[in-house]
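**Student:** Following this message is one structure expressed as structure tokens.
Residue numbers (the working numbering): 103 to 152.
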């Protein structure tokens, strides 16, 4: 049986450790919220952990 482990990108590591505890997919979450019409302030919070 072969187990496939998803790779962690540099961007995901940076989000978790270097930019105030951002979600690993913060950029994608923010882009999705902007596309949905949310304000930039709300979209920034969408990518935050916690």
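A virtual CB, placed ideally from N, CA and C, is assigned to each residue, including glycine.
If you're wondering where the values come from, they're calculated on a predicted model, not measured in any experiment.
Could you give the DSSP three-state label for residue 137: helix, strand or coil?
**Tutor:** Correct three-state label for residue 137: helix.
**Student:** Short of 7 Å in beta carbon distance, which residues of its chain neighbour residue 119, apart from the five on each side in sequence? Order them along the chain.
**Tutor:** Excluding residues within five positions, none has a Cβ falling inside 7 Å.
**Student:** Drop a sphere of 10 angstroms on the beta-carbon of residue 128, count the other beta-carbons inside from all chains shown, and report buried for 16 or more, exposed for fewer.
**Tutor:** It counts as buried.
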